[in-house]
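Numbering follows my numbering, in which position 196 of the sequence shown is assigned residue number 1361; successive positions increment by one, without gaps.
The beta carbon of each residue, even a glycine, is placed where N, CA and C say it ideally should be.
Only one structure is covered here, and it is reproduced in the block below.
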Amino acid sequence: MRIGLDLGTSTVRLVEGRKLAVLAQPNLLLQDQHFPDVLAGGETARKMVGRTALHWSECRPVVRSRLGSPQAARLLIKPMMEQAGGWRRFGRPRVMVATPLSSSPTERQAVADLLRQMGIKDVEGVATPLAAALGAVAAGHEPPPLVLVMGASVTEVALVSRGLVVSDFLQLGGQTLDQALVVHLRREHGLEVSLEAAEEVKRSVGSADPAHDGLTCRVYGRELESRLPHSVVLTGEQVRAVLAPPLSEVLRLVREVLDRTPPAMSTDVLQRGLTLTGGAAQLIGLDSYLARETGLPVQLAEEPENAVVRGTLGEFAA
């Protein structure tokens, strides 16, 4: 039995080789500070954020795609493993884990040790951008030569040809965009909002393309001066201006990888372009923005949020 695992900062994803259905749970547990009890986890915990008693605390088992709390990670991952198809009945699975470029050997070993403590002895790793390239296309098709993975906390870009040829990463992702909106609303509008509210603004009217500047949305929070509930209206143009600085850093990362592209691969890159994967890559207009600035064809992968975890299974046959 084969299982692929993607320990994302925002979401933990798992795919089982026979069913190929992706299981996803928010990377979140709620715990009682007075007792060592987990009150809720995954999607249940996400729905309760901001609506719990003061003695309940949030725990992120995975921090920047690394194990923050091995014990908490076990509580989140083990039920997903069991849900994948009763793996204990079929013997110990072979697990392939997506490994971020930024992770150290010690951090990779910590993940392997955690899985082995759960009874999984066969654990391997595959670089996240390589998994993304394999998962961005249907089985049997050639992976794209240039892939971008934009997750919640890290963006990775890689040139791929039977492995990673050139690759680089940036500690910036979807949560960076959300935080930029939180700071803007606080500084310019005197409104305090949660990261979840900022993420909803990003999804509603956030864009990297001026074509969507006319969109508007109302965001709710607490006025800093009065400390009372309040709301303001943001336009797509305002949101795009807030997102522009971090997106320019993503563009810089792409250009740096392109600058190191071997001449022999230039034709393939020019013809097939850049493929976007990762949940944060679904930002409206990101593909057209990067295409305009690089001169390359840019396309968003089908189910970009699942490309990495699906690609871990592709690595078994690669």
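Quick check on the burial criterion: 16 or more other C-beta atoms within 10 angstroms. Buried or exposed for residue i?
i, result
"ARG1383", "exposed"
"ALA1218", "Residue placement at ALA1218 is flagged as unreliable, the pLDDT there being 47, under the threshold of 50; the coordinate-derived value follows with that caveat. Flag for ALA1218 reads exposed."
"THR1271", "exposed"
"ALA1303", "exposed"
"ALA1429", "exposed"
"TYR1454", "buried"
"VAL1398", "exposed"
"LEU1335", "buried"
"HIS1354", "buried"
"GLU1321", "buried"
"THR1293", "buried"
"SER1268", "buried"
"GLY1401", "buried"
"GLN1236", "exposed"
Please go through the same chain and pick out, in chain order, the residues whose beta-carbon is closer than 8 Å to the beta-carbon of residue i, but skip the five residues on each side of it.
i, result
"GLY1444", "GLY1173, SER1175, THR1176, MET1315, GLY1316, ALA1317, GLY1339, PRO1469 and GLU1470"
"VAL1474", "GLY1169, LEU1170, ASP1171, ARG1178, LEU1179, VAL1180, VAL1187, ALA1263, ALA1296 and GLY1300"
"VAL1434", "PRO1310, LEU1311, LEU1324, LEU1423, THR1426 and LEU1461"
"SER1332", "LEU1266, ALA1292, PRO1294, GLU1321, VAL1322, ALA1323, LEU1324 and VAL1422"
To the nearest whole angstrom, what separates the beta carbons of residue i and residue j, a pair I think is in contact under 8 Å?
i, j, result
"ASP1287", "ARG1257", "7 Å"
"THR1459", "ARG1420", "7 Å"
"LEU1337", "GLU1414", "6 Å"
"LEU1441", "ASP1424", "About 19 Å separates the two Cβ atoms, so there is no contact after all."
"ILE1448", "GLY1371", "For clarity, residue 1448 is Leu in the given sequence; the question names Ile instead. Indeed, because the Cβ distance is near 6 Å, the residues count as touching under 8 Å."
"GLN1190", "MET1261", "With a Cβ gap of about 19 Å, GLN1190 and MET1261 do not count as contacting."
"GLU1357", "GLY1386", "5 Å"
"GLY1290", "LEU1478", "Contact doesn't hold; Cβ gap of about 14 Å is too wide."
By Cβ distance, which residues of its chain are closer than 7 Å to residue i, with the 5 residues on each side in sequence left out?
i, result
"GLU1364", "ASP1343"
"GLY1233", "ARG1225, PRO1226 and VAL1227"
"LEU1280", "VAL1260 and VAL1288"
"GLY1284", "ARG1257"
Report the three-state DSSP secondary structure of residue i (helix, strand or coil).
i, result
"ALA1362", "helix"
"MET1261", "strand"
"HIS1220", "Reliability fails at HIS1220, whose pLDDT of 49 lies under 50, so the model's placement of it is uncertain and the value that follows must be treated cautiously. Three-state result, HIS1220: coil."
"ALA1373", "coil"
"ASP1378", "coil"
"THR1459", "helix"
"VAL1419", "helix"
"THR1426", "coil"
"GLY1233", "coil"
"MET1283", "coil"
"GLY1169", "strand"
"TYR1454", "helix"
"GLU1390", "coil"
"GLU1357", "strand"
"LEU1350", "helix"
"GLU1181", "strand"
"SER1431", "helix"
"VAL1302", "coil"
By Cβ distance, which residues of its chain are closer than 6 Å to residue i, with the 5 residues on each side in sequence left out?
i, result
"VAL1407", "ALA1345, LEU1346 and HIS1349"
"PRO1462", "GLY1438"
"LEU1465", "LEU1441 and ASP1452"
"ALA1275", "LEU1232"
Opposite residue i in the DSSP bridges: which residues?
i, result
"THR1176", "PRO1191"
"VAL1397", "VAL1384"
"GLN1464", "THR1440"
"THR1271", "Note: THR1271 sits in no beta bridge, so no partner."
"ARG1368", "Answer is none; ARG1368 lacks a bridge partner."
"GLY1290", "VAL1262"
"MET1315", "THR1320"
"ASP1333", "VAL1322"
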